[in-house]
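Order-wise, the sequence lines are chains A and B.
Per the numbering used here, the very first residue in the first sequence carries number 501; after that it's consecutive.
Per the numbering used here, the very first residue in the second sequence carries number 677; after that it's consecutive.
Glycine included, C-beta positions come from ideal geometry on N, C-alpha and C.
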Amino acid sequence: SQKIEQNSEALNIQEGKTATLTCNYTNYSPAYLQWYRQDPGRGPVFLLLIRENEKEKRKERLKVTFDTTLKQSLFHITASQPADSATYLCALVKRAGNNRKLIWGLGTSLAVNP
Amino acid sequence: KAGVTQTPRYLIKTRGQQVTLSCSPISGHRSVSWYQQTPGQGLQFLFEYFSETQRNKGNFPGRFSGRQFSNSRSEMNVSTLELGDSALYLCASSSGQGARATDTQYFGPGTRLTVL
């Protein structure tokens with residue numbers, strides 16, 4: 501069955517360091533992959549999208565890589581700040597004709613300590 | 677543009693009752709998806725509507741139903757509530773147009789449902 505795995509354990513890092521979150525998938529050939537941020541009690545907020553033919557995408561302090569051979573995406577936050585503390589979700593989009601389906605990971609909790 | 681709005685924000689019901697949740701998507705968005713989120717299960721897809729038609733459906737029992745109106749507003753209904761239905765229910769809209777659409781989801785704040 502199709503499966504997405506994100507770091508199940510919370511990630512704790514020191515302010516200023518780079519946070520790296522992982523999203524692995526199996527039995528799946530996604531058209532593209534999205535990363536979202538979710539704060540407690542609120543809906544997820546879209547951050548970045550990377551397509552299957554792209555290796556890397558950047559937006560300010562955020563960087564996403566996509567390795568379709570390893571079936572893995574890495575999400576990096578450089579120069580992390582306490583305000584980056586949140587849960588980060590990855591979602592893969594599978595395309596079947598004109599139909600599309602999102603499959604979500606469970607998320608990784610990130611805590612940036614001052 | 678105004679974001680996705682959901683009403684009510686909080687709801688307390690008892691087992692056996694039914695509930696209707698409402699979602700207004702971003703103006704111009706025709707696709708609305710509903711999700712259930714619990715601490716242990718993460719985001720679970722319920723269903724997606726596009727132009728008043730259900731386009732995709734998740735693995736939830738028939739007690740969960742939804743609909744979309746001509747103005748793209750959507751409602752979901754849960755009948756015969758069970759304790760396990762307590763969750764954050766999230767609505768998300770996307771433009772959902774054409775094969776090049778990226779399905780970026782714009783989420784509302786959610787409705788926190790507690791079943792006693």
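How would you label residue i, buried or exposed, when you count the other beta carbons within 10 angstroms and need 16 or more for buried?
i         : result
Gly786(B) : buried
Ala519(A) : buried
Phe745(B) : exposed
Glu724(B) : buried
Leu719(B) : buried
Leu722(B) : buried
Asp539(A) : exposed
Thr690(B) : exposed
Leu737(B) : As written in the sequence, residue 737(B) is Pro, which differs from the Leu given in the question. That one is exposed.
Tyr686(B) : exposed
Thr683(B) : exposed
Ala586(A) : buried
Arg551(A) : exposed
Gln713(B) : buried
Ser508(A) : exposed
Gly679(B) : exposed
Going by beta-carbon coordinates alone, are residue i and residue j separated by less than 9 Å?
i         : j         : result
Ile603(A) : Leu610(A) : no
Leu521(A) : Tyr532(A) : no
Arg706(B) : Phe726(B) : yes
Glu556(A) : Phe566(A) : yes
Pro544(A) : Tyr536(A) : yes
Thr756(B) : Gly692(B) : yes
His576(A) : Leu589(A) : no
Asn753(B) : Leu697(B) : yes
Gly704(B) : Ser771(B) : yes
Ala612(A) : Gln514(A) : What sits at residue 612(A) in the sequence shown is Val, not Ala. A contact, by the Cβ cut-off of 9 Å.
Leu792(B) : Ile688(B) : yes
Gln534(A) : Thr780(B) : yes
What residues match up with residue i in a beta bridge as DSSP calls it?
i         : result
His576(A) : Thr520(A) and Lys563(A)
Glu509(A) : In the DSSP output, where bridge partners are listed per residue, Glu509(A) has none listed.
Ser698(B) : Thr683(B) and Glu751(B)
Phe783(B) : Ala768(B)
Gly742(B) : Met752(B)
Leu549(A) : Gln534(A)
Arg731(B) : DSSP, once it has assigned bridges, lists no residue as partnering Arg731(B).
Tyr528(A) : Answer by DSSP bridge pairing: none, since Tyr528(A) is not bridged.
Whose CA, out of the options, lies closest to the CA of residue i?
i         : options                                       : result
Tyr525(A) : Glu554(A), Ser580(A) and Ile504(A)            : Ile504(A)
Leu570(A) : Asp539(A), Asn507(A), Lys594(A) and Tyr528(A) : Tyr528(A)
Phe740(B) : Thr729(B), Tyr765(B) and Tyr782(B)            : Tyr765(B)
Arg558(A) : Arg542(A), Pro540(A), Asn512(A) and Thr578(A) : Thr578(A)
Gly607(A) : Cys523(A), Thr568(A), Gly516(A) and Arg542(A) : Cys523(A)
Thr797(B) : Thr780(B), Gly738(B), Asp779(B) and Cys767(B) : The displayed coordinates of chain B run from 677 to 792. Any statement about residue 797(B) would go beyond what the structure contains.
Asn512(A) : Pro582(A), Lys594(A), Arg595(A) and Arg600(A) : Pro582(A)
Arg743(B) : Pro737(B), Thr780(B) and Glu728(B)            : Glu728(B)
Asn747(B) : Tyr782(B), Ile702(B) and Gln717(B)            : Ile702(B)
Gln730(B) : Gln713(B), Gly784(B) and Val708(B)            : Val708(B)
Thr568(A) : Glu560(A), Ser580(A) and Asn553(A)            : Asn553(A)
Against chain B: residues of the segment 560-594 of chain A by CB proximity under 8 Å: Leu589, Ala591 and Val593
May I ask you to list, following chain order, the residues of the segment 529-551 of chain A that have a beta carbon less than 8 Å from some beta carbon of chain B? Tyr532, Gln534, Tyr536, Gly541, Arg542, Gly543, Pro544, Val545, Phe546 and Leu549
When you check each C-beta in the segment 601-614 of chain A against every C-beta of chain B, which residues fall closer than 9 Å? Lys601, Leu602, Ile603, Trp604, Gly605, Leu606 and Gly607
Quick one: which residues of the segment 720-742 of chain B get their C-beta closer than 9 Å to a C-beta of chain A? List them in chain order. Gln720, Phe721, Glu724, Arg731 and Asn732
Against chain A: residues of the segment 752-770 of chain B by CB proximity under 9 Å: Leu764, Leu766, Cys767 and Ala768
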